[in-house]
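Enquirer: Sharing a structure here in structure tokens format.
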Amino acid sequence: MAGTKHKTPLLDDLKEGKWPSFVKELERAAQKSPRTDDLIGLLEKSYRDHIPHWKHGGMAGVKGYGAGIVGRFSDSPEDFPGTQEYHTARINQIEGFFYTSDVLRKLADICDEHAGGLFNFHGSTGDIQILGFKQKEAEELFQKCAQLGFDLGGSGSALRTPSCCVGPARCEWANYDTLHVTDNLTREFQNEMHRPTFNYKFKIKCAGCPNDCIASGARSDLSIVGVWKDNIRIDQDQVAEYAKKFDIKKYVVDKCPTHCMDYTDDKLTIDDSNCVKCMHCINSMPKALRPGLQKGAQIRIGAKVPMVQGPRLGFILVPFYDINKDKEEDYTFLKDLIQKIWDFWDEYGTSRERIGELIQRVGVGNFLEAIELEPLPEMVEHPRANPFIKFEEYLVADEEEESKEG
Amino acid sequence: MAGTKHKTPLLDDLKEGKWPSFVKELERAAQKSPRTDDLIGLLEKSYRDHIPHWKHGGMAGVKGYGAGIVGRFSDSPEDFPGTQEYHTARINQIEGFFYTSDVLRKLADICDEHAGGLFNFHGSTGDIQILGFKQKEAEELFQKCAQLGFDLGGSGSALRTPSCCVGPARCEWANYDTLHVTDNLTREFQNEMHRPTFNYKFKIKCAGCPNDCIASGARSDLSIVGVWKDNIRIDQDQVAEYAKKFDIKKYVVDKCPTHCMDYTDDKLTIDDSNCVKCMHCINSMPKALRPGLQKGAQIRIGAKVPMVQGPRLGFILVPFYDINKDKEEDYTFLKDLIQKIWDFWDEYGTSRERIGELIQRVGVGNFLEAIELEPLPEMVEHPRANPFIKFEEYLVADEEEESKEG
Amino acid sequence: MPDVDKGTVRITDIGPPNYENFLPPIIKKNYGKWLYHEILKPGVMVHVSETKDKLYTVRVGSTRIVSSDFVRDISNLADKYCNGYLRFTTRNNLEFLLDKEENIEPLIKEVQALGFPVGGMDHSLGNIVHTQGWLHCHTSASDASGVVKALMDEFYDYFVGDKLPAKVRMAFACCLNMCGSVGASDIAIVGMHRRPPTVMADRVKDLCEIPSTIAACPVDAVRPKTINGKPSVEIDEDRCVFCGNCYTVCPALPIADPLNDGLAIFVGGKVANARTKPTFSKLAVPWLPNNPPRWPEVIEAVRTILEAYKDGARRGERVSEWIERIGWPKFFKITGFEFTKYHIDDFRLGEATMNYSNYARL
Amino acid sequence: MPDVDKGTVRITDIGPPNYENFLPPIIKKNYGKWLYHEILKPGVMVHVSETKDKLYTVRVGSTRIVSSDFVRDISNLADKYCNGYLRFTTRNNLEFLLDKEENIEPLIKEVQALGFPVGGMDHSLGNIVHTQGWLHCHTSASDASGVVKALMDEFYDYFVGDKLPAKVRMAFACCLNMCGSVGASDIAIVGMHRRPPTVMADRVKDLCEIPSTIAACPVDAVRPKTINGKPSVEIDEDRCVFCGNCYTVCPALPIADPLNDGLAIFVGGKVANARTKPTFSKLAVPWLPNNPPRWPEVIEAVRTILEAYKDGARRGERVSEWIERIGWPKFFKITGFEFTKYHIDDFRLGEATMNYSNYARL
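Chains as they are written, first to last, in the numbering used here: chain H, 1 to 406; chain F, 1 to 406; chain B, 1 to 362; chain E, 1 to 362.
Set out below in structure tokens:
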């Protein structure tokens, strides 16, 4: 594509091949945006030098917010003046990533007018990202989006933009309304998103079932995962249809992690008391098997990336709770729980300490006491093997067998 | 039983019941030994007070040895003078715990003449323990045992008395001669056993197969476990006999940890390339299945009790080596390896640091380099998940792409 | 700050648009009433509702970074085939939601004419989620979009087909900060700094505030030090976790290193709970060089993994299940990747990763 | 030191007697030639050699501490039935090794007449290995022989029978030093100090050498402190791991505590590699009181575990496999043991023990 003023032999190579080319996308944007043309030149320089050409070097943001805008300053503004400031705005996505062509076109217009004509659909956390504006353009960009109904998302030491799977909008396995709760929490915690006062980032993700298509259990400090309590619903006629297509014993029954299924004499039975809700059988035969009717959610806590104390997945904090009833009560239980967790983190956490790291540092038992949840065996893979228990209760001789809380 | 001068209502209760009574054993010994009579009185006092009545308070030992004698001093010598000194001698057991009546009777005579007439057959590590002598009797007790052919065992920060399972003496599953290597190492390392110069204790145990009847993988810093490399030998006729007794599919095949077995049309087949030598199938059908013919041993390292850094099992250090060939060479490979491990421990370990704790502290990779073993994937449950690698090799710009060992 | 208030109140803290206003009518009608779904062919599935309504989804692979004209293009397609509605997935795919089965093929034709692939469902290689890389991040150890483009060109057929043993989720993060949280993927590629930041000692005092530079380090590895008579800092190499936080506040501490930055490959992670618990990806290859624009060493390593997996895994086995079944030693044997001391975890919980048994395939 | 040298050289460093001189002739002949074995009845098995020779073993339960006359008793039996040979096991059992089948029943009759049980094989409760306890250890938190006697009286039938789902290995350690290394047993009972040593401040200076007392602590929890004007020490409760090392060198720091010493019960460990990897026992009951001479609370807790296991486990399942199959929540439910914060590991590697999945039986 003609148009870029920089020679980009390395990037040009990436315009070839079957997969859509991000270089072509950059060039399309560059045709309207000289600063994006400089972005291409800067990237080509990285391809030559094998290092990035960005630095921090300044602040970016909008009035009254501490979050939502991420500053990017080039280290080579003399050669690529358009990249001197090339900031990102995190725009809170619509839950479930549903859009209309109308709203998308208006976002495109804003992006062309006030930024570099480039988007991420979407960033890792879930926001739409608009790339390539200067600090002096930030406020207008923000307000144009706001007038269209879009606020900024979270960044820095704040609640990051909550996000969710497609949920009941297009999935038969949603055990609760992931879009509704995500929307509700996002509105409830606007202040915590926009004005960073936390020790570090905090992510909330809502998945409708343990397939966890939003990867909540690996990526969010608080992961809400839909689950059911009663029996998997079985349609034996449909089971028979699947039996014509594949070996149910081999591909379904034998893969059950608790071996709680049986398929004998063309009949599938499940010992639901031993089912851990892994979803495999349901995934394998969606026309024959459905989650039960007593639907609710589990809550897992503490997932995070490696930095600083190592990567963590979330562990079960609440094995089951009736989130569908909580919905009727404006998610009082959930919001109270989140608030207690934040209060604890605020009181005991240190700077850049994720909640999962704090919990480990103070001990899960102490954390549970503080947020007023009972210790449950579902929280652990197994109880402790080492005997180094710090007993808080013991007997005091003077007071003759009287128990003392330590 | 009459004879004890102390009133012992609590201990008397433990003379009742079907199981052999240690109190009766104490009383039998006390009939010949007034000091053991006092031991009974002291123990009754503990049963009343709910605390032990021993303290350290002095040294015990024999000339030229720093190990083998464990001092015990009562905290109530005024009431129980016989327990003022009531030491233990660790007597190196015969490998495999094989004895003759002749040698046992002579030990019994020594124990009556020079101690409290009490034994442990055997202590946790494996030694015979003779209880109840005073420091001034120690040398004569020691030399009487020595004249009978028995030396003292290890104690303190020394090599503890090596021990082994019954091995080829009475087990069809022994993949190497556990008694022979244990005897050989014990003789080789007499100095390391008797004159403590280590950071802390070091235990060696030899098990003939992964059933590990000597619990080497949980209890010894260095665990040698017999294993084979080729195919499990199958006698299909005997398989058929077992099939008459139980469901081979259910109780054997389905319990294989790697699912490497099949039992179809009355024929048992094993994919030995996927066998991890767990022993379950062989245990279940000893007449039908036997270990292969290429026998050798695995070495695991680092098992220990909880104190101080938590309990550890041993991990695989050497997945397979030909210990039967090494036997012909006086166990040169094994002894060299042990010496390298001790040298490393001596150089880098701190006081009271077991080898397993040291390895963890410095990193398994660094330990392997020091003892000149290659890192192998058999050593790990899985490779690292965190990305915090401290690369020792990197490129230096000045020298243009030249690799530097850090 | 420009005054955009033209008689209107400045708008803040309104949250996102209400999703209900952006759901296609067929979804509004059948919200929470879906009964089951079937995959009709690679990239196309149908959801059937209790109401008997059928909703067809066509999944289209896209780049993460797109132009405003791309957004207009897909909007036009949505108008033509989907009453103006469309959605995205978490893996940077587009999904066109059709209520008319007969629109599927015409839509696919137009999508493909624009150069976009249909696929990413079932036993396919999903679109590779990734971070920003050299394109837009100051601590990146590699480019993201470029490596991903090179990979997806190479393994295109696995996206548009469904011939893998099970789904394969690949992810790319351009440094250890892992903004993409890639660590629980079947194949995770991670930008690696091999060296701590370089201290440009003579420039620290001029470019940086030393106390805030020291405070920026999450592991207390940056300490004050006078060098050649000028106040500066030193970095404890043993402590440094290569996060780049110090470079963020102090440009005189660049972490990027053209010779030593590169990529590591981790395998066998998963997020879903199906059959086995979620688990992290484990190290397969500790370091490969940055070799733009096509990163052939990375392509080759991923090809090795994918082909070994395709040959060795049983139908329905994710990468983690396949490796678990054959054992890590065999994984290293058949891929030919060297097992090194770096593969043995020496970080905080490394002790929990050793093989505390006699289990070994000999 | 008495001079025992009566014209002979003092003997040192000779090692153990050569085992070859203590093997029964049938074993010498068939050493390494055994073909298979069968359990004939509880406590009795036969090993068959390639030479067709048969060796019968009768296993006899014993106490760990025995008198010299006991040794003479069993020597007499060995003479009468076994050509003077016998052996012990690692679990404090005796084994009589017979080359004549017809000697089995007469031997058993004599053994039983002496009050000793035959059993401990196959699906039985093995003899409980244990440490020294109050009988002979200064840091013990309980007696060992007494608790074991009380337990074995109670569960005697499980030793002489073979009616458990699989073998059950029980072990007892009288304090956290775990001289018995009990931590990988089906049921492990561990003496627990709940409080750090008491500092008898006015006696420390007189009874102890303060520097060596401080040095004795493996976790640096003992520090010098002047109390009431006298040099003494203080103990950091958070650091103390209850090892008793400081008491060993300083009698003014007693760790024993009549009110707070007690016992914890751990379950589900195993050492063998069969079917599943070796694993540690996990905490079931954090603390039970010392209640000699019969420790009824301990008996009751062990009975609860054994009966739940007997009722719930499938044939061949060790305790660990049974719990793994039903899940820990169900274990706590059916035993009625309370799950407390103490059950959640907060020690060094505790992080590795949490449930990082959505797996829960609801």
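The C-beta atom is built at its ideal place from N, Cα and C for all residues, glycine as well.
Who are the near neighbours of residue 218(B) in its chain, counting only those whose CB is closer than 7 Å to its CB and skipping five residues on each side?
Expert: In the third sequence, counting from the first residue as 1, residue 218(B) sits at position 218. Counting only Cβ-Cβ distances below 7 Å, and skipping sequence neighbours, we find 243, 245.
Enquirer: Apply the 10 Å Cβ neighbour rule to residue 284(H) and answer buried if 16 or more other Cβ atoms are within range, or exposed otherwise.
Expert: Numbered from its first residue, the first sequence carries residue 284(H) at position 284. That one is buried.
Enquirer: When you compare only the Cα positions, how much space is there between residue 2(H) and residue 117(H)?
Expert: Within the first sequence, numbered from 1, the residue matching residue 2(H) stands at position 2. Within the first sequence, numbered from 1, the residue matching residue 117(H) stands at position 117. In this prediction, residue 2(H) scores a pLDDT of 46, lower than 50, which makes its location untrustworthy; the coordinate-derived value is nonetheless stated afterwards. One C-alpha to the other measures close to 17 Å.
Enquirer: Classify residue 59(E) as helix, strand or coil using the three-state DSSP reduction.
Expert: Along the fourth sequence, one-based indexing puts residue 59(E) at 59. Judged by DSSP in its simplified three-state form, residue 59(E) adopts strand.
Enquirer: What's the gap between the Cα of residue 59(H) and the Cα of residue 210(H)?
Expert: Counting from 1 along the first sequence, the entry for residue 59(H) is found at position 59. Counting from 1 along the first sequence, the entry for residue 210(H) is found at position 210. Approximately 40 Å, taken between the alpha carbons.
Enquirer: Indicate whether at least one CB of chain E lies closer than 7 Å to the CB of residue 340(H).
Expert: Position 340 of the first sequence, counted from the start, is the residue given in the question as residue 340(H). By this cut-off, residue 340(H) is not an interface position.
Enquirer: Assess contact between the stretch 45-56 of chain H and the stretch 373-385 of chain F, defined as three or more Cβ pairs (one per stretch) separated by less than 8 Å. Is contact present?
Expert: no
Enquirer: Cβ-heavy atom distance between residue 371(F) and the ligand FMN below 6 Å?
Expert: The model depicted lacks the ligand FMN and carries no ligand whatsoever.
Enquirer: Rounded to a whole number of angstroms, what is the C-alpha to C-alpha distance between residue 306(E) and residue 328(E)?
Expert: In the fourth sequence, residue 306(E) corresponds to position 306, counting from 1. In the fourth sequence, residue 328(E) corresponds to position 328, counting from 1. Using only the alpha carbons, I get a separation of about 15 Å.
Enquirer: Does the beta carbon of residue 386(H) sit closer than 7 Å to a beta carbon anywhere in chain A?
Expert: The chain inventory of the structure shown lacks chain A, comprising the protein chains H, F, B and E.
Enquirer: Relative to the C-alpha of residue 337(H), which residue among 371(H), 129(H), 328(H) is closest?
Expert: By 1-based counting over the first sequence, the position of residue 337(H) is 337. Of the listed residues, the one whose Cα sits closest to residue 337(H) is 371(H).
Enquirer: For the alpha helix (DSSP H) holding residue 328(B), just list the boundary residues, first then last.
Expert: Indexing the third sequence from 1 puts residue 328(B) at position 328. It spans 328-335 - the alpha helix (DSSP H) in which residue 328(B) sits, taken as one unbroken run.
Enquirer: With DSSP as the reference, label residue 321(F) as helix, strand or coil.
Expert: In the second sequence, counting from the first residue as 1, residue 321(F) sits at position 321. Residue 321(F) falls in the strand class under three-state DSSP.
Enquirer: How would you list, in chain order, the residues of chain B whose beta-carbon sits under 8 Å from the beta-carbon of residue 407(H)?
Expert: Because chain H is modelled from 1 through 406, residue 407(H) falls outside the range shown and cannot be assessed.
Enquirer: In chain order, what residues of the same chain have a beta carbon less than 8 Å from the beta carbon of residue 156(F), not counting five sequence neighbours either side?
Expert: Translated into positions along the second sequence, residue 156(F) becomes position 156. Cβ within range, chain order: 66, 67, 196, 201.
Enquirer: To the nearest angstrom, report how far apart residue 337(B) and residue 393(F) are at their CA atoms.
Expert: For the purposes of this step, residue 337(B) is identified with residue 337 of the third sequence, where counting begins at 1. For the purposes of this step, residue 393(F) is identified with residue 393 of the second sequence, where counting begins at 1. Each residue's Cα considered, the two are about 17 Å apart.
Enquirer: So which residues on chain B does residue 144(F) lean against when the C-beta distance must stay under 7 Å?
Expert: The residue labelled residue 144(F) in the question sits at position 144 within the second sequence. What residue 144(F) touches in chain B: nothing, since even the nearest Cβ is about 41 Å away.
Enquirer: Where residue 289(E) and residue 361(F) are concerned, what is the direct C-alpha to C-alpha distance, given to the nearest angstrom?
Expert: Taking the first residue of the fourth sequence as position 1, residue 289(E) is located at position 289. Taking the first residue of the second sequence as position 1, residue 361(F) is located at position 361. Straight-line Cα distance between these residues: approximately 37 Å.
Enquirer: For the candidate residues 302(B), 206(B), 86(B), 111(B), whose alpha-carbon lies nearest to that of residue 99(B)?
Expert: If you number the third sequence from 1, residue 99(B) lands on position 99. For the residues 302(B), 206(B), 86(B), 111(B), the minimum Cα distance to residue 99(B) belongs to 86(B).
Enquirer: Identify the contact partners of residue 329(B) in chain F, using a Cβ-Cβ distance below 9 Å as the criterion.
Expert: Counting from 1 along the third sequence, the entry for residue 329(B) is found at position 329. Those are 319, 376, 377, 378, listed as they occur along chain F.
Enquirer: Could you check the C-alpha separation between residue 105(H) and residue 75(B) for me, to the nearest Å?
Expert: Here the question's residue 105(H) lines up with position 105 in the first sequence. Here the question's residue 75(B) lines up with position 75 in the third sequence. One C-alpha to the other measures close to 7 Å.
Enquirer: Of all the CB atoms in chain H, is at least one closer than 7 Å to the CB of residue 130(E)?
Expert: Counting from one through the fourth sequence, the residue named residue 130(E) turns up at place 130. Answer no: the Cβ-Cβ gap between residue 130(E) and chain H never drops below 7 Å.
Enquirer: Taking one C-beta from the stretch 206-214 of chain B and one from the stretch 286-303 of chain B each time, how about it: are there three or more such pairs within less than 8 Å?
Expert: no
Enquirer: Relative to the C-alpha of residue 286(E), which candidate in 302(E), 276(E), 263(E), 298(E) has its C-alpha closest?
Expert: Position 286 of the fourth sequence, counted from the start, is the residue given in the question as residue 286(E). For residue 286(E), the closest alpha carbon among the candidates 302(E), 276(E), 263(E), 298(E) is that of 263(E).
Enquirer: Just checking, does the stretch 124-138 of chain E make contact with the stretch 58-75 of chain E on the three C-beta pairs under 8 Å criterion?
Expert: Per the Cβ contact rule, the stretch 124-138 of chain E is in contact with the stretch 58-75 of chain E (3 or more Cβ pairs under 8 Å).
Enquirer: Exposed or buried, residue 130(E), counting other C-beta atoms within 10 Å across all chains shown (16 or more means buried)?
Expert: On the fourth sequence, position 130 is the one that residue 130(E) refers to. Around the CB of residue 130(E), 16 or more other CB atoms lie within 10 Å, so the residue is classed as buried.
Enquirer: May I ask you to list, following chain order, the residues of the stretch 333-359 of chain E that have a beta carbon less than 7 Å from some beta carbon of chain B?
Expert: 349, 351, 352, 356, 357, 358, 359
Enquirer: Which residues bound the alpha helix (DSSP H) around residue 390(E)?
Expert: Residue 390(E) lies beyond the range of chain E shown here (1 to 362); nothing can be said about it.
Enquirer: In chain order, what residues of the stretch 264-277 of chain E put their CB closer than 8 Å to some CB of chain B?
Expert: 273, 277
Enquirer: For a test of the three-state rule: what should DSSP assign to residue 213(B), helix, strand or coil?
Expert: The residue you call residue 213(B) lines up with position 213 of the third sequence. Reduced to three states, the DSSP call for residue 213(B) is helix.
Enquirer: Under 9 Å Cβ-Cβ, which residues of chain F neighbour residue 310(H)?
Expert: Here residue 310(H) is taken as the residue at index 310 of the first sequence, counted from 1. Correct list: 385, 386, 388.
Enquirer: Taking buried to mean at least 16 other C-beta atoms within 10 Å of its own C-beta, is residue 21(E) buried or exposed?
Expert: Here residue 21(E) refers to the residue found at position 21 of the fourth sequence. Answer is exposed; the Cβ neighbour count stays below 16.
Enquirer: Please list, in chain order, the chain B residues whose beta carbon lies closer than 7 Å to that of residue 249(H).
Expert: Here residue 249(H) refers to the residue found at position 249 of the first sequence. For residue 249(H), there are no neighbours in chain B by C-beta distance under 7 Å, as the nearest C-beta there is about 13 Å away.
Enquirer: Name, please, each residue of chain H whose Cβ falls closer than 7 Å to the Cβ of residue 245(E).
Expert: Counted from its first residue, the fourth sequence places residue 245(E) at position 245. Chain H residues near residue 245(E): none, gap ~15 Å exceeds 7 Å.
Enquirer: Taking buried to mean at least 16 other C-beta atoms within 10 Å of its own C-beta, is residue 112(B) buried or exposed?
Expert: Here residue 112(B) corresponds to residue number 112 of the third sequence, with the count starting at 1. Per the 10 Å Cβ criterion, exposed.
Enquirer: Tell me the residue span of the beta strand (DSSP E) that contains residue 224(H).
Expert: Against the first sequence, residue 224(H) aligns to sequence position 224. Its beta strand (DSSP E) spans residues 222-228.
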